[in-house]
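Visitor: Once you know that position 71 of the sequence shown is 283 in this note's numbering, the rest is easy, because the numbers rise by one and skip nothing.
Structure incoming, see below.
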Amino acid sequence: MKGGNVVRFWGRQFTLALVALLFTSIVFWYCEKNPLLTSLLSTQDQFIMQSSEFLVVEPADSSLSLKSEEDNTSNEYSNNGITEVTNTENRANDFGGYETNVTDTFLPRRKEENHILASGFQKEACNYAKGKWVPDSKHPLYSGLGCKQWLSDMWACRLTQRTDFSYEGYRWQPEKCEMPDFEGSNFLKRMQDKTIAFIGDSLGRQQFQSLMCMVTGGKGRPEVEDVGWKYGLVTPRGAVRPDGWAFRLPNTNTTILYYWSATLCGIEPLNAADPATEFAMHLDQPPAFLITYLDQFDVVILNTGHHWNRGKINANKWVMHVNGMPVRDRKLAALGNAKNFTAYSIARWFDRQIKFRPQLQVFFRTISPRHFSNGEWNTGGRCENTIPLTKGSEIWQDESSDPVVGGAVKGTNVRILDITAISELRDEAHISHYSLKASVGVNDCLHWCLPGIPDTWNEILAAQL
């Protein structure tokens, strides 16, 4: 009898162990099939649990902000609560006072995020961010003198005193895969009856203008229809410009638009009747423009980064909100954490939308690097190199140089458009001191000459579509 009891005891133990093993296997299988399972927790709670693993790094002089990224003239640009204050009494908000260098301001990755592939998906065949710059006689893809219908004069370096344009003659060659030559008419045929929307800051506007020049070959196209009014993109009374632009190319019924959203979060006045009101900066909500018009979009390209500094937020009277209430948590209110939280929020919002709109393709573009050396924009910082690829020509890393965006898209159907590392090698291609409207001694080492590096971003985008 004692021996029988022992056998029955171990039999029960074996059965329980087998059941536990089977249950664990089912859980792991289900999590693999549902990568967003863990995100069912509230985004804020999940973020706060993770935030202790992040090191918040803010600019040494957090009072610095930037002048209007669109030009160097004195004006006030009011755009959904985004005010570009550029008068002489607000030099702290002048042209180039961005956050510190990319590598200084990104939050360190958590251990489990150390292997984010630049493609955004572990199984994607081609990592377009890995490869090298090579000379190419087919570039540039359009003329910086001819694309006047779409290209802003301030970014057309052929109109300035610059004399060296060797930066135009290169293309990006990904490793182990061919990136097809961009041909405007073919691209438009692929995008027939589709709408492409760029949502972001002035670097997003550069990419938008670049694509307009690329699909038209830089030629005048009087048949192209301005359809900004269909998206509420009209110049408000007293404003310098609209919140964005939209153009329809009639031959293929393709619409390409740009909407200004510097932080990719919802911004609304706290008291619309008060001209001096503060604005709620809803870190957990997308811009109202996206909520209103997303059903009409087929491709969305997001970007943010250079407006996340204290000077900019204070000058625009932005007050961070989450769940409809002002942020009281000091850890979340830190700029690095707030930017990271917003990136995660917008990526997961889009992931939910994609489930109901399977035709929608969303790309989160990584941050465009800045190349100020020996100072900042207002302390003698310059970018005077004109020799291509002095920083090297190759990128072989697997992970993205922008862990904020890389981490935000991980586990979602939002794809990463990884341009940071490849653009970091191209310090000779900025507008520098050649800007038509720059103040004496001010260098633009953030924006790019066009034709130029944003064309490559669009070539990679076209290859990934």
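Yeah, the Cβ is synthetic: ideal placement off N, Cα and C, and Gly gets one too.
(1) Checking 9 Å against the spacing of the C-beta atoms, do Ala620 and Ala550 come in under that value?
(2) Between the C-alpha atoms of Gln404 and Gly478, what's the straight-line distance to the nearest angstrom?
(3) Given this structure, state the Cα-to-Cα distance separating Asn521 from Ser613, to the nearest angstrom.
(4) With respect to the beta strand (DSSP E) encompassing Val617, which residues constitute its N-terminal and C-terminal limits?
(5) Output the residue ranges of the beta strand (DSSP E) runs that lie fully inside the stretch 384-417 and measure 3 residues or longer, sorted by chain position.
(6) Using the three-state DSSP reduction, which class does Lys344 fall into: helix, strand or coil?
(7) Three-state secondary structure (DSSP) at Pro481?
(8) For Phe553, which of helix, strand or coil comes out of DSSP?
(9) With a 10 Å radius around its C-beta and 16 neighbouring C-beta atoms as the bar for buried, classify Gln410 as buried or exposed.
(10) Report the partner residues of Tyr470 according to the DSSP bridge assignment.
(11) Between His533, Ile579, Asn535, Asp507, which has its C-alpha nearest Pro570's C-alpha?
(12) Please report the distance separating the alpha-carbon of Tyr646 from that of Trp660.
(13) Alpha carbon to alpha carbon, what distance is there between Leu357 and Pro666?
(14) Classify Ser647 as helix, strand or coil using the three-state DSSP reduction.
(15) Please work out which residues of its chain come closer than 7 Å, Cβ to Cβ, to Met353, disregarding the five sequence neighbours upstream and downstream, and give them in chain order.
(16) Taking the alpha-carbon positions, what's the Cys369 to Asn483 distance?
(17) On the DSSP letters alone, give me the boundaries of the alpha helix (DSSP H) that Trp669 sits inside.
(18) Given Phe584, which residues of its chain have a CB within under 6 Å of its CB, disregarding the five upstream and five downstream residues?
(19) Mind checking who Phe491 pairs with in its DSSP beta bridge?
(20) Going by DSSP, which residues form a beta bridge with Val574?
(21) Specify, as a first and last residue, the run of the alpha helix (DSSP H) that Ile503 falls within.
(22) What residues in its chain sit with their C-beta under 7 Å from that of His519, if we drop five residues either side in the sequence?
(23) Measure the C-alpha to C-alpha separation of Asp438 and Phe568 and round it to an integer number of angstroms.
(24) Evaluate the contact criterion for the stretch 527-545 versus the stretch 486-496: three or more CB pairs, one atom per stretch, below 8 Å.
(25) May I ask which residues mark the beginning and end of the beta strand (DSSP E) holding Arg542?
(26) What are the boundary residues of the alpha helix (DSSP H) that Ile634 is part of?
(27) Let me know if Lys431 comes out buried or exposed under the rule of 16 or more other beta-carbons within 10 Å of its beta-carbon.
(28) Name the residue from Phe576, Pro600, Leu677, Trp367 whose alpha carbon lies nearest to the alpha carbon of Thr554.
(29) Check whether the stretch 378-392 touches the stretch 457-469, counting contact only when three or more Cβ pairs, one atom from each stretch, lie closer than 8 Å.
(30) Determine the closest residue to Trp561 out of Arg417, Trp367, Thr624, with distance taken between C-alpha atoms.
(31) Compute the Euclidean distance between the alpha carbons of Thr504 and Ser355, then round it to the nearest angstrom.
(32) Look up Glu640 in the DSSP assignment and say whether it is helix, strand or coil.
(33) Rounded to whole angstroms, what is the Cα-Cα separation between Trp530 and Glu390?
(34) So what's Tyr354 in DSSP terms, helix, strand or just coil?
(35) Note down the Cα distance separating Pro434 from Gln361, rounded to an integer number of angstroms.
Guide: Inspection of the coordinates gives the following:
(1) Taking the first residue of the sequence shown as position 1, residue 620 is located at position 408. Taking the first residue of the sequence shown as position 1, residue 550 is located at position 338. No. Outside cutoff.
(2) Position 192 of the sequence shown, counting from 1, holds the residue named residue 404. Position 266 of the sequence shown, counting from 1, holds the residue named residue 478. Approximately 31 Å, taken between the alpha carbons.
(3) For the purposes of this step, residue 521 is taken as the residue at position 309 of the sequence shown. For the purposes of this step, residue 613 is taken as the residue at position 401 of the sequence shown. Rounded to the nearest angstrom, the two C-alpha atoms are 20 Å apart.
(4) Within the sequence shown, the letter at position 405 stands for residue 617. Per DSSP, Val617 belongs to no beta strand (DSSP E); it is in the alpha helix (DSSP H), 615-621.
(5) Within the stretch 384-417, the complete beta strand (DSSP E) runs of at least 3 residues are 407-412.
(6) Taking the sequence shown and counting its residues from 1, the one referred to as residue 344 is at position 132. Here DSSP, grouped into helix, strand and coil, assigns Lys344 to strand.
(7) Locating residue 481 in the sequence shown gives position 269, where the first residue counts as 1. When secondary structure is reduced to three states using DSSP, Pro481 falls in the strand class.
(8) Taking the sequence shown and counting its residues from 1, one reaches residue 553 at position 341. DSSP places Phe553 within a helical segment (H, G or I) once states are collapsed to three.
(9) Sequence index remark: in the sequence shown, residue 410 carries index 198 (1-based). Checking the displayed sequence, the identity of residue 410 turns out to be Phe instead of Gln. With a 10 Å radius around the Cβ and a threshold of 16 neighbouring Cβ atoms, Phe410 comes out buried.
(10) Stepping through the sequence shown from its first residue, residue 470 is reached at position 258. Answer is Phe410, Trp457.
(11) On the sequence shown, position 358 is the one that residue 570 refers to. Checked all of His533, Ile579, Asn535, Asp507; the closest Cα to Pro570 is Asp507.
(12) Position 434 of the sequence shown, counted from the first residue, corresponds to residue 646. Position 448 of the sequence shown, counted from the first residue, corresponds to residue 660. In a straight line, the C-alpha of Tyr646 is about 11 Å away from that of Trp660.
(13) As a position in the sequence shown, residue 666 is number 454, starting the count at 1. As a position in the sequence shown, residue 357 is number 145, starting the count at 1. Their backbone Cα atoms lie some 17 Å apart in a straight line.
(14) The count along the sequence shown starts at 1 and reaches residue 647 at position 435. Coil.
(15) Here residue 353 corresponds to residue number 141 of the sequence shown, with the count starting at 1. The sequence shown places Leu at residue 353, not Met. If we look at Leu353 and ignore the five residues flanking it on each side, its Cβ neighbours are Phe394, Met426, Pro663, Asp667.
(16) Indexing the sequence shown from 1 puts residue 369 at position 157. Indexing the sequence shown from 1 puts residue 483 at position 271. Near 42 Å, if we compare the C-alpha coordinates of Asn483 and Cys369.
(17) As a working mapping, residue 669 is identified with position 457 in the sequence shown. Counting along the chain, the alpha helix (DSSP H) containing Trp669 begins and ends at 665-676.
(18) Position 372 of the sequence shown, counted from the start, is the residue given in the question as residue 584. The residues are Gly593, Cys657.
(19) For the purposes of this step, residue 491 is identified with residue 279 of the sequence shown, where counting begins at 1. Answer by DSSP bridge pairing, in chain order: Pro481, Trp530.
(20) The residue given as residue 574 occupies position 362 in the sequence shown. Paired residues: Val512.
(21) Reading the sequence shown from its first residue, position 291 is the one you call residue 503. In the DSSP annotation of this structure, the continuous segment of the alpha helix (DSSP H) that includes Ile503 starts and ends at 500-505.
(22) Locating residue 519 in the sequence shown gives position 307, counting from the first residue. Asp413, Ala474, Thr475, listed in sequence order.
(23) Working through the sequence shown from its first residue, we reach residue 438 at position 226. Working through the sequence shown from its first residue, we reach residue 568 at position 356. Their Cα atoms are separated by approximately 29 Å.
(24) Contact between the stretch 527-545 and the stretch 486-496 is present, because at least three Cβ pairs lie under 8 Å.
(25) Locating residue 542 in the sequence shown gives position 330, where the first residue counts as 1. For Arg542, there is no enclosing beta strand (DSSP E); the enclosing alpha helix (DSSP H) has its first and last residue at 542-545.
(26) What you label residue 634 is simply residue 422 of the sequence shown in a count that begins at 1. Taken as a continuous stretch (DSSP letters only), the alpha helix (DSSP H) holding Ile634 covers 632-636.
(27) Residue mapping note: residue 431 aligns to position 219 of the sequence shown, counting from 1. If you draw a 10 Å sphere on the C-beta of Lys431, you find fewer than 16 other C-beta atoms in it, and that means exposed.
(28) Within the sequence shown, residue 554 is the residue found at index 342, counting from 1. Looking at the Cα atoms, Phe576 is the closest of the given residues.
(29) Result no; under three Cβ-Cβ pairs closer than 8 Å.
(30) Taking the first residue of the sequence shown as position 1, residue 561 is located at position 349. The shortest C-alpha separation from Trp561 is found at Thr624.
(31) Within the sequence shown, residue 504 is the residue found at index 292, counting from 1. Within the sequence shown, residue 355 is the residue found at index 143, counting from 1. So the two alpha carbons sit approximately 36 Å from each other.
(32) Taking the first residue of the sequence shown as 1, we reach residue 640 at position 428. Note: Glu640 maps to helix in three-state DSSP.
(33) Taking the first residue of the sequence shown as 1, we reach residue 530 at position 318. Taking the first residue of the sequence shown as 1, we reach residue 390 at position 178. When the Cα atoms are used, Trp530 and Glu390 turn out to be separated by approximately 45 Å.
(34) Counting from one through the sequence shown, the residue named residue 354 turns up at place 142. The DSSP-derived three-state label of Tyr354 is coil.
(35) As a working note, residue 434 is residue 222 in the sequence shown. As a working note, residue 361 is residue 149 in the sequence shown. About 9 Å.
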